[in-house]
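**Student:**
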Amino acid sequence: MTKDFDYIVIGDGVAARSILYFLTRKFPDSRICQLFDNDAFPPCSINTTSVVSMGLFAEGLSKLGDILFHAHEFIDTFFKQEGIQGVHPATQYYLPPDIKEDPLKFKQFEARYGTNFENFKGLQTVAKDAYLINPQVFLGWLKAQYEDKIISRVQRVTELPKTNAKVILATSAYTSLFYKNKNLPEGKPVKGTFFSWNNFKADKSFVLSRGHYNLVYRKEDEILLFGANSIEGLCQLHSPKEVYEKLTIFEGDLPELKQLGSPQIHTGIRHKGKRRTPFCGEVEEGVYALTGLYKNGWSAGISLAKELVDML
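Sequence positions in the sequence shown follow the UniProt record's numbering and run 1 to 312.
1. Output the distance between the C-alpha atoms of Phe14 and Tyr131, rounded to the nearest integer angstrom.
2. In chain order, which continuous runs of the beta strand (DSSP E) of length 3 or greater are located wholly inside the region 260 to 296?
3. Just how far apart, CA to CA, sit residue 317 and Glu256?
4. Buried or exposed, going by whether 16 or more other CB atoms sit within 10 Å of the CB of Arg218?
5. DSSP state of Gly122, grouped into three classes?
6. Determine the DSSP secondary structure at Thr248, reduced to helix, strand or coil.
7. Go ahead and label Leu208 buried or exposed: buried means 16 or more other beta carbons lie within 10 angstroms of its beta carbon, across all protein chains shown.
8. Per DSSP, what kind of secondary structure is Glu136 in: helix, strand or coil?
9. Helix, strand or coil for Ile10? Go by DSSP, reduced to three states.
10. Let me check one thing: in DSSP terms, what residues is Asp310 bridge-paired to?
11. Which word fits Arg156, buried or exposed, when buried means at least 16 other C-beta atoms lie within 10 angstroms of its C-beta?
12. Is Tyr93 closer than 8 Å to Phe57 when the C-beta atoms are compared?
13. Quick one: give me the first and last residue of the alpha helix (DSSP H) that Arg112 is part of.
14. Measuring only the C-alpha atoms, how far is Asp4 from Arg31?
15. For the beta strand (DSSP E) that Phe69 lies in, which residues bound it at each end?
16. Is the closest heavy atom of the ligand PLP to the C-beta of Lys258 under 7 Å?
17. Secondary structure at Arg25, three-state DSSP: helix, strand or coil?
18. State the CB to CB distance for the pair Tyr21 and Lys166, rounded to an integer number of angstroms; the pair is presumed to be in contact (CB under 8 Å).
19. By Cβ distance below 7 Å, which residues in the same chain neighbour Phe200 in space, the five residues on each side in sequence not counted?
20. Alpha carbon to alpha carbon, how far is Thr291 from Gln124? Give it in angstroms, no decimals.
21. Quick one: what's got a C-beta closer than 6 Å to Trp197's C-beta in the same chain, skipping five residues either side?
22. What does the Cβ neighbour count give for Gly187, buried or exposed, with the cut at 16 atoms within 10 Å?
23. What residues in its chain sit with their C-beta under 6 Å from that of Leu35, if we drop five residues either side in the sequence?
24. Assuming contact is defined by CB atoms lying nearer than 8 Å, are Ile151 and Cys44 in contact in what I supplied?
25. Looking at C-alpha atoms only, which residue of Phe226, Ala305, Gly286 and Leu254 is the closest neighbour of Lys241?
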């Protein structure tokens, strides 16, 4: 069934669709097949708050830092191309800790975010650029660029296809269910929960961040999002109730949050690579993988897809 193709891409999240986007541009005459089963293996891409925080990474400090520095350079150009849909520039406002309560954390905040404070809704914050992604719209735009150039099949993959085609795995935490190789770090699945409220009104899109928690407003579709995945970077939040209770850290700053009704609850599984670092490359002859993107699917998922296709 798969012997008549040059490339087989397994997966349907942002990494898989980005690979297909770049693959069909580099090899317009190639025979390309996509295999996926979103009912059995739902992509994490549609279950995140989908924020790309810009201006936080420097080159030469760590492997992950280098990946993200170059990823943000790449997507800053990619997102500005004409006709792209589902991507919106915004400002992300970082709230500092109280200098009197914790002067050490305040110094750490200044070292990471700088000291260029500006006012947002009466709050002193440090402002940086960000991109807000509407996952369904952006993923739909990606698909529209290649769908008439490939064969797409809904098929549950239980083992690596027996084929002479080059196989590209973009299957995140699901990869180990059907494929293991000592050259491919397994990483681990990490559960993330966030909440959404529709028909929220504000004058512009924004991200308000305090510690590990983000309050995200996308004006284009009037949706308010709130989420987090760690407490002080140490333990994973698995309880929706535990995450929701943290919304109170913003209620003193934004009293309108007290008027919110019941939210929709969203949960997704993200794939955390070894040392939070994604894998991108050839695993064995003819088998390639892009996995372990964790919180960086909307940046490194796109830039590393381009790098992987350039390897072929």
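Think of the CB as a built atom: it goes at the ideal place given N, C-alpha and C, for glycine as much as any other residue.
**Tutor:** Answer, in terms of the structure:
1. Note that residue 14 corresponds to Val in the displayed sequence, not to Phe. In a straight line, the C-alpha of Val14 is about 15 Å away from that of Tyr131.
2. 264 to 272, 279 to 284 and 287 to 291
3. A query on residue 317 cannot be resolved here, the shown segment of the chain reaching from 1 to 312 and no further.
4. buried
5. coil
6. helix
7. buried
8. Note that residue 136 is Gln in the sequence shown, not Glu. Reduced to three states, the DSSP call for Gln136 is helix.
9. strand
10. DSSP output for Asp310 lists no bridge partner at all.
11. exposed
12. no
13. Pro103 to Tyr113
14. 8 Å
15. First-last for Phe69: Lys63 to Phe78, but that is the alpha helix (DSSP H), not the beta strand (DSSP E).
16. Ligands are entirely absent from the displayed structure, and the ligand PLP is therefore not among its contents.
17. helix
18. Actually they are not in contact, since the Cβ atoms of Tyr21 and Lys166 sit about 17 Å apart, beyond 8 Å.
19. Tyr217, Glu222, Ile223 and Leu224
20. 38 Å
21. Leu224, Leu260 and Pro263
22. buried
23. Ile10, Arg153, Gln155 and Val157
24. no
25. Phe226
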